[in-house]
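Remarks on the structure that follows.
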Amino acid sequence: MKNYLYILFIIAIISCKSDSESYVPYQNTAYILAIPQIFADKLPNPVIPNSNPFTVEGVALGKKLFYDPILSGDGTQSCASCHKQVDGFTDDVQFSVGIDNIEGNRNSMPLFNMAWNLNEKFFWDGRSIGLESQALDPVTNVVEMHNTWQNAIHDLKNSSVYQDLFNKAFPEQTAMDTNITKELVAKAIAQFERTIISANSKFDKYLNGEVNLTVDELEGFNIFNDERGDCFHCHGTGNSNPLWTDNIFRNNGLDAIFTDIGLEEVTGDPNDRGKFKTPSLRNLVFTAPYMHDGRFTTLDEVINHYSEGVINSSTIDTQMLFVAQGGTQMSTLEKAQLKAFLLTLTDNEFITNPDFQE
Amino acid sequence: MKKIVALLLLSVLITSCKTDDDSEKISPKFKFTFNWDGEAINASDFNAIKYSNETGELSITKMRYLLSNITLIANDDVETKLITYHLIDLTEEASLSTISESTVEEGNYKSLTFTVGFNEAENTPNAYTDLNITNWNWPIGLGDGYHIMQYEGKFLDASNQEQTYSLHVGTRKISDGVFEPNHFIISFDTNLVLNSNSEIEIKMNIAEWFKNPNLLDLNTMVFPIMPNPVAQLIMRDNGASVFSVGIN
Chain A
668 MKNYLYILFI IAIISCKSDS ESYVPYQNTA YILAIPQIFA DKLPNPVIPN
718 SNPFTVEGVA LGKKLFYDPI LSGDGTQSCA SCHKQVDGFT DDVQFSVGID
768 NIEGNRNSMP LFNMAWNLNE KFFWDGRSIG LESQALDPVT NVVEMHNTWQ
818 NAIHDLKNSS VYQDLFNKAF PEQTAMDTNI TKELVAKAIA QFERTIISAN
868 SKFDKYLNGE VNLTVDELEG FNIFNDERGD CFHCHGTGNS NPLWTDNIFR
918 NNGLDAIFTD IGLEEVTGDP NDRGKFKTPS LRNLVFTAPY MHDGRFTTLD
968 EVINHYSEGV INSSTIDTQM LFVAQGGTQM STLEKAQLKA FLLTLTDNEF
1018 ITNPDFQE
Chain B
2 MKKIVALLLL SVLITSCKTD DDSEKISPKF KFTFNWDGEA INASDFNAIK
52 YSNETGELSI TKMRYLLSNI TLIANDDVET KLITYHLIDL TEEASLSTIS
102 ESTVEEGNYK SLTFTVGFNE AENTPNAYTD LNITNWNWPI GLGDGYHIMQ
152 YEGKFLDASN QEQTYSLHVG TRKISDGVFE PNHFIISFDT NLVLNSNSEI
202 EIKMNIAEWF KNPNLLDLNT MVFPIMPNPV AQLIMRDNGA SVFSVGIN
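These protein sequence lines map, in sequence, to chains A and B.
Oh and the first sequence: position 254 is 921 in our numbering, straight run, nothing missing.
Oh and the second sequence: position 14 is 15 in our numbering, straight run, nothing missing.
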């Protein structure tokens, strides 16, 4: 019996040895993120965690997972069900519906330029820190993909393609083993998400000197940046911060009493009641409806809110300067010009970019 | 003879070591603190209406300001720039301390100066990526560049209603296309003794923004003040007495 063990042991060693000649762990290829010039000029470097280096294989795997309903409880829903490229990677309904036909209570969020969210707080209330951690949430969320990780990993291991893709994306972690984990799933998805960049709107081209804006669009830009619209403190002055947000949580005067308390749910601080992440203003034409609860179906409604509909409450942001008058009181012409300007932030190439397609 | 040379060499070595030790180079640490007429203000003091002045009762909800060219002047007038620029946010712990970018010798200095905001030459539109991403920019129509300060809060008006106030300081717009810089320079001409443990504390008394030399009454102030060149000048003048410096 003991001899058998010895022999087995020796065989194991020999086989290892001979393997090590042919079994070189897969050499994956570093992925070089193409940073648009306008971002390189105006923004700090994106967040790429050392613990999750970018690889070509990782990004490809992340994309496949993002589009694959295999991660959901009944195999019917993928990330892309609620984050559709044609909709600027959000969806077009007020509340997304999960696999059990239950509605959530928040509007899906557009996904782009997330590598530049330097404080790395994700969701409307910032409850997830880092894309790797965020990606773990939807799979088990009962109003979303309502799966268990055990089940999801089981399905991935049983599929004919994934083991190889994981081995290639994460050769150190998975070598000689069938070690697909939820952490690796999240890492791959996060890598793909960091590549989703939108930086080629008409306004970007205007800043690059490639196109002109119309008189109305230019006047709308002025309104955005002066007391007629007063949008710039939260969404940026436009020529300086191509993200159109600072990713800070604020109460922009939607309600007097908040049923969804937003950031307070995460911090426990009543001073954070009704504060939600300031969203980017890129691609608004694709991302309706608007706000954390999708209450506004059109941009006109959004503009009317800031013009006449601002509601006071104890946590209202001090940059809602005209709350006492209910808003900045724009004229019909000013509203139309502001809207014309906002539409220049549309990046048509973004929603057809084959790099982000299945 | 050989012995003497060796001894000489040795003593030269020793003395050179010694002189090195004497002139120890240090990188002074900085700490930025806030108070209301001497009472410390921390992030936990935000939001509550608990300060009072000529206006009445008020709260603080935001306090960010930018310092640049923090410079130490030695007794022989040699200047050393310790900090190029630094954005201080009362609620961002990491911004409340920093360390000098260059080293200086231990000892006595006669002055510390800094610019509140960027000076005209350095207030280059969009040039500072870390400031762009935190929306520190001043709008193009008001002269472009960067804010000097963003101080916000709420106050109780005559009928005890909460109103917001927003004291943002930056370039003055005199008329369309005509702008004047609004940064100011603070100098502390006092003997400063620095050693390797020294921490230079730059203190802002927020209450001073309201009183000296101009009395500010939030009830009668016309908001927004950003496009108002008179209000901008008042803020700048009041800024002169807001800062003090200590060595810890």
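Heads up, the beta-carbon is just placed ideally off N, CA and C, and yes, glycines get one too.
- Contact between the segment 754-767 of chain A and the segment 943-961 of chain A is established, with three or more Cβ pairs separated by less than 8 Å.
- Close partners of Asp131/B in chain A (Cβ separation under 8 Å): Pro711.
- If you check the CB distance, Ser188/B and Ser98/B do not come in under 7 Å.
- When DSSP states are grouped into helix, strand and coil, Ser795/A belongs to the strand group.
- Under the 7 Å criterion on CB atoms, Ile134/B is classed as interfacial with respect to chain A.
- Secondary structure at Phe762/A: coil, using DSSP grouped into helix, strand and coil.
- In this structure, DSSP gives Phe185/B an extended state, which the three-state scheme calls strand.
- The contact set of His900/A on chain B, defined by CB atoms closer than 7 Å, consists of Asn136 in chain order.
- Take the alpha-carbon of His148/B and the one of His902/A: they are about 15 Å apart.
- By the criterion of a C-beta distance shorter than 7 Å, His184/B is surrounded in its chain by Thr116, Val117, Gly118, Phe119, Asn120, Ile149, once the five residues flanking it on both sides are discounted.
- With respect to chain B, the C-beta atom of Ser907/A has a partner C-beta closer than 7 Å.
- Chain-order list of chain B residues neighbouring Gln996/A: empty, with the shortest C-beta distance near 13 Å, by a criterion of under 8 Å.
- Rounded to the nearest angstrom, the Cβ distance from Asn780/A to Ile915/A is 15 Å, too far for a contact under 8 Å.
- In the three-state scheme derived from DSSP, where H, G and I count as helix and E and B as strand, His900/A is classed as helix.
- Listed along chain A, the residues sitting closer than 8 Å to Ile141/B by beta-carbon distance are Asn892, Thr904, Asn906.
- Of Met812/A, Asn814/A, Glu787/A, the smallest CA-CA separation from Gln801/A is found for Glu787/A.
- If only complete runs of 4 or more residues are kept, the segment 766-840 of chain A shows the alpha helix (DSSP H) at 798-801, 804-807, 816-825, 829-836, in order along the chain.
- Closest option to Tyr152/B, judged by alpha-carbon separation, among Ser45/B, Asn229/B, Phe211/B: Phe211/B.
- With contacts defined by Cβ atoms closer than 7 Å, Gly961/A and Asn774/A form a contacting pair.
- Here Leu728/A has Leu832, Ala836, Ala855 as same chain residues with Cβ atoms under 6 Å from its own Cβ, once five neighbours each way along the sequence are excluded.
- For Phe156/B, the enclosing beta strand (DSSP E) begins and ends at 150-157.
- In the three-state reduction of the DSSP assignment, Ser242/B falls in the coil class.
- Here Thr172/B is near Gly146/B, since their CB atoms are less than 7 Å apart.
- Ranked by Cα distance from Met776/A, the first of Ser907/A, Asp792/A, Asp767/A is Asp792/A.
- The beta-bridge partner set that DSSP reports for Ala75/B consists of Tyr110/B.
- For the segment 971-992 of chain A, the beta-carbon criterion of a distance under 9 Å to any beta-carbon of chain B is satisfied by Asn979, Ser981, Thr982, Ile983, Asp984, Thr985, Gln986, Met987, Leu988, Phe989, Val990, Ala991.
- Exclusion of the five residues before and after Gly771/A leaves Phe762, Ser763, Val810 as the residues of its chain whose Cβ lies within less than 6 Å of its Cβ.
- Look at the segment 778-810 of chain A: the residues with a C-beta under 8 Å from a C-beta of chain B are Trp783, Leu785.
- Where Val882/A is concerned, the enclosing alpha helix (DSSP H) starts and stops at 882-892.
- Between the segment 165-182 of chain B and the segment 82-93 of chain B there are fewer than three inter-stretch CB-CB distances shorter than 8 Å, so the stretches are not counted as touching.
- Non-local beta-carbon contacts of Glu58/B in its own chain, meaning distances under 8 Å to residues more than five positions away in sequence, involve Ile50, Lys51, Tyr52, Phe156, Leu157 in chain order.
- The alpha-carbon of Thr130/B is positioned some 18 Å away from that of Asn70/B.
- Every unbroken stretch of the beta strand (DSSP E) spanning 3 or more residues and falling wholly within the segment 184-240 of chain B is given here in chain order: 185-189, 193-195, 200-206.
- In this structure the segment 975-995 of chain A lies against the segment 887-901 of chain A, because at least three pairs of beta carbons, one per stretch, are closer than 8 Å.
- The alpha carbon of Ile203/B has as its nearest neighbour, out of Ser245/B, Arg237/B, Glu209/B, the alpha carbon of Ser245/B.
- Rounded to the nearest whole angstrom, the CA to CA distance from Glu968/A to Thr995/A is 14 Å.
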